[in-house]
Amino acid sequence: MAPQGRQFPVHWLTALLWLGSLLRLCAATAGDESVLISEIGRQNNQSLLWGPYKPNLYFGVRPRIPLSLSAALMWGRVDTYSDVQTSVRYTCEQNAGMQGYGWDEFDTRRGGVQSIHDIENGIDITTSFVKIPGGAHGGSWAARIKGELREDAPEDRKTVIFFYVSQEGFGSELEAVASDGEFGYDEDVTLKGSSQGLGNYKLVVTRGEGKQPTSDHRLSEKRGPGGQTVVQSLTYPEEVLWQGKQIVFKQLKEGVDWLVENQYDTNDAPPPWQVYQLTNRPGVGNVHIIQKVFEGNFEFDVLFSSESAGKELKSSDLTREIQDTTESFGERFASVFKLQPPYTAEKYKKFGRSMFSNLIGGIGYFYGQSVEDRSYASEYEEESEGFWEEAAEARARNKQTLEGPYELFTSIPSRPFFPRGFLWDEGFHLLPIADWDIDLAMEVVRSWFNLMDEDGWIAREQILGHEARSKVPEEFQTQYPHYANPPTLFFVLNDFVEKLQKANGTLPAGTEHLSPNKVLSTAYIDNPEIGLEYLRRLYPLLRRQFDWFKKTQSGDIKSYDRKAYSTKEAYRWRGRTLTHLLTSGLDDYPRPQPPHPGELHVDLMSWMGVMAKLLSNVADALGMPEEVAELTKVRDAIEHNLDDLHWSEKDGCYCDATIDDFEENALVCHKGYISLFPFLTGLLAHDNPKMGRVLALIGDEEELWSNHGIRSLSKKDEFYGTNENYWRSPVWININYLAIVELHKVATQDGPFKAIARDLYTRLRKNIVDTVYKSWEETGFAWEQYDPDTGKGQRTQHFTGWTSLVVKIMAMEDLEGGSGHVRDEL
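Throughout the sequence shown, residue numbering follows mature numbering (1 follows the signal peptide of the UniProt record, and there is no 0), covering -28 to -1, 1 to 798 in sequence.
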């Protein structure tokens, strides 16, 4: 029974139907994990089909289907004739007169609420989005768009709204039902459409609430006095449909040109909002521009109803669903991320909800071709001295071609600046997401590994399609099949294996099946045998990627008479230039000079250790003893070679290696993040004697320690803060998160460094959270990196990718009692 005074949400009945069908499926397929996995996949496709999966836009909705329906919001002020040219918002942009924007709460399977504080246009926009399951095409969805003038805005501020709807795909149909008024729509606007992936559907844009201004001017027989919603239905080539703002401006220009051609009396000019009013021309097309003009505050709804769901949505349904979604999000966030002292106050809860919601709300679906150079030029082997110059010449031949199309379901680092998939970022993104919805995280992992080629390569940056490429300078668009990137997806897969172990006690699991009383967010964990089957299917791809790394990123031990435990385990990033090593993810971090084909990179060796460890754990869970033995041997050799090839006793840290002028091995030590990698990746045992030197380096205020986090490079290094200064001093949250996790491990195990690690953990956890929170509070944004001296957020704003790891940090154990300076104690 429903609680008194409260109705069940619209999807209550469909949820019961789903549970019933699932119970029947479980009973009919006992012992058949393959069928159950297929059912989980089907249910995932349904519950995750729709979303604000165009995160490059302030609000853009689409399904996870290539060439499909897309809907997006534009707005701007129209108080003067020049306003429209500069004020219309569509794509997220840096430094665009915003005092913060983003999701206050968001759940990928249900929806959420976004706030946009547009100080330049004097208005706050709220977009609420919900999904209602049912039918055979991913259910229905609805959005509420609300505008409230800011305190400093005039009461008669005019805001123009464009709701831009496009439909791609051969055989798709989309038509605007004829208007009910002479010059537009006095009531709701209805679009009817159909497509192969969505079936038949109806999209309604309600008239809404708010004053719509009118004018005594008559600009033409087809353009009215205002007070109505207008629609233009158009047909454009599919390859330009993503250019919504340009298309709207082109259509607006028609009206302006008419005024110029007809030499309208400038002494009796129409108001600006009327000049920029579209002519109402509803009909059939693959583009539909729905325009409204409001004076003051406003609100309207967008209701998408799938015919197969059987029920058309109403605004009352949306009101109820928004309330239910908001309540459930707050309860679930408090349950999943149990914030620990000193971060239990309401302001930190609000901060945490915002940071996590913007991470998960930044998930997007991308489809299109990728620019790749598969020429496999001999220079790309990078075996000659001066190899970076030869490689540059090979790249300059422009042998790249368009490959694909490919599709990717992924979170992104930053909506305004990096609205696309990054391999090295994604593993960090998925760590908080896995806590919230492990099935969603595994869906994203699967999407990434579906991009792998037959050799085992995954492009490090996914720039799929014209829209994605529009945000990337041409010189950075091409992907090279010999370029690697840190394999951080192995982090979340390790998290998945640990969750399976906790859920079932030990692995392998017994015969269990999909629990009907659990939501899809934990289906793989609640039913460990199904989780194991997921790993069983994924393992060949994991192993293929590992083998690709070993083949393409190998380092040279034998040619230079290096002494090491193993003659095989040494690695070198390809893609090195004189000043950068973009493939490592640490771009301008100082490396040996000049570059040499005999270089060995300690961070890459550490990543190989991470991969070997995870593969061994998975192989053990899957009952593959020969794989376990081989991978254990590899990991052991890596850990020994880290010491033999990269440890500098003189400097007390791990360093890159190169070949000097005498053709002998030489360590090049630039103390910073590189020096910590064996520690950061969990390859350094808590009681290893070298741990003390590593902790001393972390805690030294003259080297890496700052009141705002661990610096990327030592203050004593000659390159500190120089040139681009990207990874040469700033504090990065992803690396500090790894340090906090490892410090916690040392601090909670008996050993010689327990007290020191406890102190560092306590202070570093507080420094990072306080720094990110203060900057967010002051600016409204999370940032790409933070100044180690001031704590000021810098570089890319709205960087709610790995900076959102601060939520996990706030939820980590509060170890009381750490005090004093570790440097002095050591």
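For every residue, glycine included, the Cβ atom is placed at its ideal position computed from N, Cα and C.
Contact belief for residue i with residue j at Cβ below 8 angstroms, rounded distance in angstroms
i	j	result
F381	Y337	5 angstroms
A431	S342	6 angstroms
W520	G376	The Cβ separation is near 19 angstroms, so there is no contact.
T186	D160	That pair is no contact at about 19 angstroms.
R607	A591	Going by Cβ atoms, the distance from R607 to A591 rounds to 12 angstroms, so no, they are not a contact pair.
CA-to-CA distance, residue j to residue i, given in whole angstroms
i	j	result
M782	I294	27 angstroms
P724	A406	33 angstroms
E127	F323	31 angstroms
S356	T630	14 angstroms
F462	V582	7 angstroms
D786	Q312	6 angstroms
Y537	S747	47 angstroms
P24	R325	18 angstroms
C641	E674	16 angstroms
I646	A593	32 angstroms
Y758	L676	14 angstroms
S42	Y709	37 angstroms
L603	R515	10 angstroms
G393	G334	11 angstroms
E271	G198	17 angstroms
S644	I133	Going by the sequence as given, residue 644 is Gly instead of Ser. Each residue's Cα considered, the two are about 50 angstroms apart.
Q565	T494	49 angstroms
I219	A754	32 angstroms
Nearest neighbour of residue i, chosen from the options [CA to CA]
i	options	result
E446	G557, N252 and A368	A368
T539	K522, R665 and W545	K522
H401	Q312, E375, I707 and G153	I707
S684	G671, K225, D672 and Y698	Y698
V265	P209, G557 and D158	D158
N613	Q757, H189 and C627	C627
L492	V56, P702 and R81	R81
R529	D560, G570, T551 and R509	A quick correction: the sequence has Ile, not Arg, at residue 529. The option with the nearest alpha carbon to I529 is G570.
T460	K662, S112 and T653	T653
K726	A657, V202, R61 and W245	A657
residue 807	G752, R122, G13 and W113	Here the chain covers residues -28 to 798 and nothing more, so residue 807 does not appear.
W396	L558, S531, A542 and K443	L558
Close Cβ partners of residue i (< 6 angstroms) along its chain, the five nearest in sequence each way excluded
i	result
K26	G32 and R34
A729	L715, V718 and A719
N466	L586
K780	P404
F691	P562 and R700
Under the three-state DSSP convention, the category residue i falls into
i	result
A475	helix
L45	strand
I37	coil
L639	strand
A241	coil
M414	helix
H618	helix
G282	coil
K264	strand
F771	coil
E447	helix
H716	helix
N269	strand
K490	Since pLDDT at K490 reaches only 46, below the 50 mark, its modelled position is unreliable, and no value is offered.
M70	strand
L175	strand
T483	The pLDDT assigned to T483 is 36, lower than 50, so where the model puts this residue is not dependable; a value taken from the coordinates is nonetheless given after this. Here T483 sits in coil by DSSP.
Contacts around residue i, its chain only, beta-carbon distance under 7 angstroms, and the 5 residues preceding and following it disregarded
i	result
S(-8)	Here S(-8) scores only 41 on pLDDT, less than 50, and its place in the model is too uncertain to base an answer on.
S280	G107, A108, H109 and G171
Y315	V741 and M782
A481	Low local confidence applies: a pLDDT of 39 at A481 is under 50, so the model's placement there is unreliable, with the coordinate-based value given in what follows. Result list for A481: P500, E501 and L504, in chain order.
G153	Q200
Y378	S342, L423 and L436
L732	L667, I670, G671, L715 and V794
Y496	I410, D411, M414, I502, G503 and Y506
T298	E77 and V85
E696	D560
L655	S578, G581, E611 and L614
Sequence-distant residues of its chain with Cβ nearer than 8 angstroms to residue i (five each side left out)
i	result
G69	D90, I91, E92 and N93
Beta carbon proximity, residue i to chain B, threshold 9 angstroms
i	result
T555	As a matter of chain content, chain B is missing from the structure shown, which is built from one protein chain.
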